[in-house]
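Just so you know, we're using our numbering here: the sequence shown kicks off at 42 and counts up by one.
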Amino acid sequence: MTELFKIALEAARALPPDRQDELAGLILAAARNEPASVALSPELRASLATSLGQAGRREFATDREVAAVWRKHDL
């Protein structure tokens, strides 16, 4: 076991049981080369539905809006 993995496991021990189970599922999926799945909260599901609707209507950020975000984050 690598040192980094040991550190990650130690950090995981401090998580609540439900978060530990979620993390364990992700690790097992990665180890088995399987796609990982994460349960989405109702808020995230609603946000995703909104985003997919916008994409379906081809409502994307303008070049000017994208450039503004890049400037804001020094990219």
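Even glycine gets a Cβ: it sits at the ideal position worked out from N, Cα and C.
Using C-beta distances below 6 Å, list every residue in its chain close to Thr43, excluding the 5 sequence neighbours before and after it, in chain order.
Residues of the same chain with a CB within less than 6 Å of the CB of Thr43, apart from the 5 flanking positions on each side, do not exist.
Kindly indicate which three-state DSSP category Leu56 falls into: helix, strand or coil?
Here Leu56 sits in coil by DSSP.
Given this structure, state the Cα-to-Cα distance separating Glu51 from Arg98, to the nearest angstrom.
Cα to Cα, the separation comes out at about 45 Å.
Which of the three DSSP states, helix, strand or coil, is assigned to Arg112?
Reduced to three states, the DSSP call for Arg112 is helix.
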